[in-house]
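Structure, as C-alpha cells:
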Amino acid sequence: EELKKIIGEDERILKDPEPLVAVSELADSSVNFVIRPWVKASDYWGVYFDLIEKIKLRFDEKGFSIPYPQQDVHLYREDKE
C-alpha cells in the first residue's frame, strides 16, 4: 500500500499501463517486492533513483526496518592440560 502511494506521487510515472507492485519472494529474513512503473524512456533513470530514495525515506519515516544479512559466530575453546 505504501509503495503504491509513493508511485502515485510521481507525475513522471504513467497511469496506463498501470504500475506493477507485487511480492516477488518470501526470503529468510525479508519480504521482497518487485516494483515496475511505466515511464518515458527519458525519465527512466531519474524515476529509478528517485523511487529508491523515496522508498527508503518513507520506510524510515514509518518505522519499517530493512533487514541486513547477519551471521553469529560462536567460539569454543578447548582446555588443554
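Everything in the sequence shown is counted per our numbering, starting at -11 for the first residue and increasing by one.
We put the beta carbon where it would ideally sit given N, CA and C, even for glycine.
Straight-line spacing of the CA atoms in LYS(-7) and VAL9 works out to 11 Å.
In this structure, the straight-line span from the alpha carbon of TYR64 to that of PHE52 is close to 36 Å.
For LEU14, there is no enclosing alpha helix (DSSP H); the residue is part of the beta strand (DSSP E) that begins and ends at 8 to 14. Per DSSP, reduced to three states, the secondary structure at VAL35 is helical.
Less than 7 Å divides the Cβ of VAL35 from the Cβ of VAL27.
As the crow flies, the alpha-carbon of VAL11 is around 15 Å from that of PRO25.
The DSSP-derived three-state label of ILE43 is helix.
In its chain, beyond the 5 residues on either side, VAL27, LYS28, ASP31, GLY34, VAL35 have a beta carbon closer than 8 Å to the beta carbon of ARG0.
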